[in-house]
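>
There are 2 protein chains.
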Amino acid sequence: MPLKTPHKILLSEDEMPTQWYNIVPDLPVPPPPALHPGTLQPAGPEDFAPLFPMALIEQEVSQERYIDIPGGVLDIYKIWRPSPLFRAHRLEALLDTPARIYYKYEGVSPAGSHKPNTAVPQAYYNHQEGIRKLTTETGAGQWGTSLAFATAQYGMECEVWQVAASYRQKPHRRTMMEIWGATVHPSPSDLTEYGRSLLAIDPDHPGSLGIAISEAVAMAVADPNTRYALGSVLNHVLMHQTIIGEEALLQLAKVGETPDVLVGCTGGGSNFGGLAFPFLREKLAGRMSPTIRCVEPAACPSLTMGEYRYDFGDSAGMTPLMKMHTLGSQFIPDPIHAGGLRYHGMSPLVSHIYELGLAEAISIPQLECFDAAMKFAQTEGIVAAPEPTHAIAAAIREALACKESGEEKVILTALCGHGHLDLASYEKYLSGEMVDLDLSTDAIAEAMKSVPVIAG
Amino acid sequence: MPLKTPHKILLSEDEMPTQWYNIVPDLPVPPPPALHPGTLQPAGPEDFAPLFPMALIEQEVSQERYIDIPGGVLDIYKIWRPSPLFRAHRLEALLDTPARIYYKYEGVSPAGSHKPNTAVPQAYYNHQEGIRKLTTETGAGQWGTSLAFATAQYGMECEVWQVAASYRQKPHRRTMMEIWGATVHPSPSDLTEYGRSLLAIDPDHPGSLGIAISEAVAMAVADPNTRYALGSVLNHVLMHQTIIGEEALLQLAKVGETPDVLVGCTGGGSNFGGLAFPFLREKLAGRMSPTIRCVEPAACPSLTMGEYRYDFGDSAGMTPLMKMHTLGSQFIPDPIHAGGLRYHGMSPLVSHIYELGLAEAISIPQLECFDAAMKFAQTEGIVAAPEPTHAIAAAIREALACKESGEEKVILTALCGHGHLDLASYEKYLSGEMVDLDLSTDAIAEAMKSVPVIAG
Numbered sequence: 009m010p011l012k013t014p015h016k017i018l019l020s021e022d023e024m025p026t027q028w029y030n031i032v033p034d035l036p037v038p039p040p041p042a043l044h045p046g047t048l049q050p051a052g053p054e055d056f057a058p059l060f061p062m063a064l065i066e067q068e069v070s071q072e073r074y075i076d077i078p079g080g081v082l083d084i085y086k087i088w089r090p091s092p093l094f095r096a097h098r099l100e101a102l103l104d105t106p107a108r109i110y111y112k113y114e115g116v117s118p119a120g121s122h123k124p125n126t127a128v129p130q131a132y133y134n135h136q137e138g139i140r141k142l143t144t145e146t147g148a149g150q151w152g153t154s155l156a157f158a159t160a161q162y163g164m165e166c167e168v169w170q171v172a173a174s175y176r177q178k179p180h181r182r183t184m185m186e187i188w189g190a191t192v193h194p195s196p197s198d199l200t201e202y203g204r205s206l207l208a209i210d211p212d213h214p215g216s217l218g219i220a221i222s223e224a225v226a227m228a229v230a231d232p233n234t235r236y237a238l239g240s241v242l243n244h245v246l247m248h249q250t251i252i253g254e255e256a257l258l259q260l261a262k263v264g265e266t267p268d269v270l271v272g273c274t275g276g277g278s279n280f281g282g283l284a285f286p287f288l289r290e291k292l293a294g295r296m297s298p299t300i301r302c303v304e305p306a307a308c309p310s311l312t313m314g315e316y317r318y319d320f321g322d323s324a325g326m327t328p329l330m331k332m333h334t335l336g337s338q339f340i341p342d343p344i345h346a347g348g349l350r351y352h353g354m355s356p357l358v359s360h361i362y363e364l365g366l367a368e369a370i371s372i373p374q375l376e377c378f379d380a381a382m383k384f385a386q387t388e389g390i391v392a393a394p395e396p397t398h399a400i401a402a403a404i405r406e407a408l409a410c411k412e413s414g415e416e417k418v419i420l421t422a423l424c425g426h427g428h429l430d431l432a433s434y435e436k437y438l439s440g441e442m443v444d445l446d447l448s449t450d451a452i453a454e455a456m457k458s459v460p461v462i463a464g
Numbered sequence: 009m010p011l012k013t014p015h016k017i018l019l020s021e022d023e024m025p026t027q028w029y030n031i032v033p034d035l036p037v038p039p040p041p042a043l044h045p046g047t048l049q050p051a052g053p054e055d056f057a058p059l060f061p062m063a064l065i066e067q068e069v070s071q072e073r074y075i076d077i078p079g080g081v082l083d084i085y086k087i088w089r090p091s092p093l094f095r096a097h098r099l100e101a102l103l104d105t106p107a108r109i110y111y112k113y114e115g116v117s118p119a120g121s122h123k124p125n126t127a128v129p130q131a132y133y134n135h136q137e138g139i140r141k142l143t144t145e146t147g148a149g150q151w152g153t154s155l156a157f158a159t160a161q162y163g164m165e166c167e168v169w170q171v172a173a174s175y176r177q178k179p180h181r182r183t184m185m186e187i188w189g190a191t192v193h194p195s196p197s198d199l200t201e202y203g204r205s206l207l208a209i210d211p212d213h214p215g216s217l218g219i220a221i222s223e224a225v226a227m228a229v230a231d232p233n234t235r236y237a238l239g240s241v242l243n244h245v246l247m248h249q250t251i252i253g254e255e256a257l258l259q260l261a262k263v264g265e266t267p268d269v270l271v272g273c274t275g276g277g278s279n280f281g282g283l284a285f286p287f288l289r290e291k292l293a294g295r296m297s298p299t300i301r302c303v304e305p306a307a308c309p310s311l312t313m314g315e316y317r318y319d320f321g322d323s324a325g326m327t328p329l330m331k332m333h334t335l336g337s338q339f340i341p342d343p344i345h346a347g348g349l350r351y352h353g354m355s356p357l358v359s360h361i362y363e364l365g366l367a368e369a370i371s372i373p374q375l376e377c378f379d380a381a382m383k384f385a386q387t388e389g390i391v392a393a394p395e396p397t398h399a400i401a402a403a404i405r406e407a408l409a410c411k412e413s414g415e416e417k418v419i420l421t422a423l424c425g426h427g428h429l430d431l432a433s434y435e436k437y438l439s440g441e442m443v444d445l446d447l448s449t450d451a452i453a454e455a456m457k458s459v460p461v462i463a464g
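Protein chains in written order, with the numbering used here: chain Y, 9 to 464; chain V, 9 to 464.
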């Protein structure tokens, strides 16, 4: 007999967690360090200093299990946090499953996704250290809007390099960044040497996330009052997102539930890590035993088909080398609609955890994802962003398996954003124009050739 | 010293009101009845029966002060209700005002506005009476998406006539309606005699809300299994929206506040009535004494510049005659961005209350509204729909007046929807292309000529 839980499980602002969780000291094996690309020695704080403020560099390598969230960040978090946890009663009824499905909804943030959870502290720490401007890249635009919102809260400037194809096709995300005062450039741009070199070859270059990172990094290192902000991949970014999982733990406890299965979509890994790490802590401590599953797009399967190697985070090779699952930093995935999952690599921390066998991974093609999203919208009412449609599809797979087996599993997932600015994707799906593209293994093999060969 | 209130004042699902409030029996003078356009006698239930189910006709003329919300409606409301009440701490700080500003946010609904509050019960009662399909009109698309969502919850069909100009310019709203299974036609369409007559004159006719209403009504009366649904104006629609004000009363009580000023944007009047009527009840009973203020666009000022006359609700003259403030049913307002406020008339109930001196009204031009919305987005984080930018602008005017006078007034408003699907308006504002159009008083005078001359 399913528990009679409300549709929404809410926390008051007083109940909001006041610490982020750093999973690193709890892991049975420490993650491999980032390497300086020249010396191939572990990168030190001085290697990161042109890019990030010292407080974030310390968090990146911290061995503290918990880090206090500053009051100046908590104040901004309270604009939308704690976020609601929903019980998907109506989706469960449609699927006729004995499973109980819960989803943590991050679309309530101003930017409409989980990204402000890290954009706000990143802006805060930079502001504390006297930095006046942040640069970043954005693909679909979720991260750019989030950083624009965050910098506006502290009166800072924000300059965003948006992948040119998105810049042209998605003017609305750009408008949202401009509402919060950001300056937006298409990438490649004529503002950097790398950008100019690409435009010389192709004036209509569509750009890529890796290229946009290179440009934003180049602009940051050239100005002592400017730093760079990354929306995923790095340890401190994932740590800021753990507020998602910490809240979800409190919310599930309110209704007396512990999850049997966690599913989270993975692009760079920040949404997944944010949801899963606090639950993994509980699992490592023997207090619960959920299966933890990553879901990635079939068109960009860095965990399930990439190699675990040292590679660059960007296309121009300007970042430190990170050991991660990668399809090769020159890999440009097919233009699927989940732009936020089209990244060649996977967070080193998620990659490490996957290698340790602490999480499993599957990939799902986009038609199944949009089919799942339609069922979700019609029952739960929320039109999801293309990225979390992968999480929804995985949750539905699991719920249907429960229907077969009769198991009353508790499934937890994160709905990391709404799709109000992604309706063109749904239009393609509804008109029958959306297709599942075959993954080009040749393109992966080609891109892997440029990955440095490094022992260890 | 301002009270230390949280940013969000939440209610649990258990605290959600379970009755709608009908203000009619509490008014010192009863509102004038609707008239049959042929006989000019008060319209009876039989006149409304081809359009609406009996339960809604009864609500339309009910003298009961409270009507129970059915369980089948409460279940759906709980997808997003109770909605949050926010204290605008950060906007107050920007304005440096001693006023305390609260806003009730209805953008958390699946369709992104307050409209599902009535779409859901309208679909529910029709479904209860065996109706299989609902027709309606939509301009900007907020109402059409809401009814599409609502009919999907009860497995009904939904057919929407969307003003042709919006249909062409705003494909995303149409996509959202289609996600929830609705069929969408541009209006004028070749499906009705009236539509065909207009297309014969101009194949590219841009349409209007009044024309779309005529088409949706014509299609409903032609089929015994189909009824029509209206998103504003009528008594039962405003009554369904009173859940907004009832919740806000409970939420303000939680933080020990009573409002000094209420401001609400008015198009057809449903958002305003929903917020204001429960507070007007308290005022009439002597339990509080807020100033209650309607805010309308300077380009479509039905209260402040229209006449209080019997007029049609649609352009073809198919509806009963209603006594209301009107600019003339043939009036087509300038194409301002707040499409939801571009209606020639005002709810008869709001018009009556205004005539009784129980509410006041002002109009605000759109540039001031978008300027206010930018301040709001930068501080409170929410990008508002063009319609509630009028409410924000009026709240800011009041807060700045408090700064002048030093008064610590409590200002309450309703933010009736988000602007995620209206970013093209913000783009116009940001690029400097948005202008305040002069109101054509000649056009109003011309449109008023066609308003029937009826005594009383």
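A virtual CB, placed ideally from N, CA and C, is assigned to each residue, including glycine.
Out of LYS178(Y), ALA160(Y), HIS193(Y), MET185(Y), which has the shortest C-alpha to C-alpha gap to TRP169(Y)?
HIS193(Y)
> Under the three-state reduction of DSSP, which class applies to LEU43(Y): helix, strand or coil?
Looking at LEU43(Y) - three-state DSSP - the assignment turns out to be strand.
> Closest to ASP322(V) by C-alpha separation, out of VAL69(V), ALA224(V), ASP210(V), ALA63(V), would be which residue?
Closest option to ASP322(V), Cα to Cα, is ALA224(V).
> To the nearest angstrom, how far is it from the Cα of ALA220(V) to the Cα of ARG95(V)?
38 Å
> Going by the beta-carbon positions, is the gap between ASP342(Y) and VAL459(Y) smaller than 8 Å?
no
> Could you tell me whether any Cβ in chain V is nearer than 8 Å to the Cβ of THR389(Y)?
With the sequence shown as reference, residue 389(Y) is identified as Gly, and Thr is not the correct amino acid for it. Interface annotation, GLY389(Y): in contact with chain V, CB-CB separation under 8 Å.
> Going by DSSP in three states, LYS12(V) sits in which element: helix, strand or coil?
coil
> Using three-state DSSP, classify LYS141(V) as helix, strand or coil.
strand
> Report the option in ALA324(Y), VAL37(Y), VAL418(Y), GLY163(Y) whose CA atom is closest to the CA atom of ASP268(Y).
VAL418(Y)
> Hey, would you say GLY120(V) sits closer than 8 Å to VAL171(V), going by beta carbons?
no
> Rounded to a whole number of angstroms, what is the C-alpha to C-alpha distance between CYS377(V) and ILE400(V)?
Rounded to the nearest whole angstrom, the CA to CA distance from CYS377(V) to ILE400(V) is 7 Å.
> So, for GLN130(V): in the same chain, excluding its five sequence neighbours on each side, which residues have a beta-carbon less than 6 Å away from its beta-carbon?
Excluding five sequence positions before and after GLN130(V), the CB atoms of its chain that fall closer than 6 Å to its own CB belong to ALA237, given in chain order.
> Answer with yes or no whether the minimum CB distance from HIS180(Y) to chain V is below 8 Å.
So yes, HIS180(Y) belongs to the interface.
> DSSP three-state label for GLY427(V), please.
GLY427(V) falls in the coil class under three-state DSSP.
> Does the Cβ of GLN49(V) have 16 or more other Cβ atoms within 10 Å, making it buried, or fewer, making it exposed?
exposed
> DSSP puts THR334(V) in a beta bridge; with which residues?
GLU315(V), GLY353(V)
> Here's the rule: buried if 16 or more other CB atoms are within 10 angstroms of the residue's CB, otherwise exposed. What is GLY282(Y)?
By the 10 Å Cβ count, GLY282(Y) comes out buried.
> With contact counted as at least three CB pairs below 8 Å, one residue from each stretch, are the segment 191 to 206 of chain V and the segment 257 to 264 of chain V in contact?
Judged by pairs of C-beta atoms under 8 Å, the segment 191 to 206 of chain V does not touch the segment 257 to 264 of chain V, as fewer than three such pairs exist.
> Please check if any C-beta of chain Y sits within less than 8 Å of the C-beta of LYS12(V).
no
> Are the beta-carbon atoms of PRO25(V) and VAL32(V) separated by less than 8 Å?
no
> Would you mind stating whether GLU23(V) and LYS16(Y) have Cβ atoms separated by less than 8 Å?
No, the Cβ-Cβ distance between GLU23(V) and LYS16(Y) is not below 8 Å.
> Rounded C-beta distance between LEU93(V) and ALA256(V)? I'm assuming under 8 Å.
About 6 Å; that satisfies the 8 Å criterion.
> How would you write the range of the beta strand (DSSP E) that VAL245(Y) sits in, first residue to last?
From DSSP, VAL245(Y) is part of no beta strand (DSSP E) but of the alpha helix (DSSP H) over 243 to 262.
> Helix, strand or coil for ARG289(V) per DSSP?
In the three-state DSSP reduction, ARG289(V) falls in the helix class (H, G or I).
> Starting from LEU82(V), follow the alpha helix (DSSP H) in both directions and report where the run begins and ends.
79 to 85
> Give a yes or no on whether 8 Å exceeds the smallest Cβ distance from LYS16(V) to chain Y.
yes
> Name, please, each residue of chain Y whose Cβ falls closer than 8 Å to the Cβ of THR183(V).
LEU431, ALA432, TYR434, GLU435, LEU438
> If we require 3 or more residues per run, which beta strand (DSSP E) segments fall completely within the segment 87 to 152 of chain Y?
Fully enclosed beta strand (DSSP E) runs of 3 or longer: 93 to 95, 108 to 113, 141 to 146.
> Of the residues PRO90(V), GLY314(V), VAL358(V), which one's Cα is nearest the Cα of ALA455(V)?
GLY314(V)
> Would you please verify whether the beta carbon of LYS86(V) is less than 8 Å from any beta carbon of chain Y?
yes
> Suppose only complete runs of 3+ residues qualify. What are the beta strand (DSSP E) ranges in the segment 153 to 179 of chain Y, listed by chain order?
165 to 171
> Look up PRO305(Y) in the DSSP assignment and give the residues it is bridged to.
ILE372(Y)
> If we call anything under 8 Å between Cβ atoms a contact, is GLU100(V) one with ALA422(V)?
no
> Would a check of beta-carbon distances place GLN150(Y) closer than 8 Å to chain V?
So, not an interface residue.
> For SER222(Y), which residues from the same chain have a beta carbon less than 7 Å from its beta carbon, with the 5 sequence-adjacent residues on both sides left out?
TYR202, ASP322, SER323, ALA324, MET326
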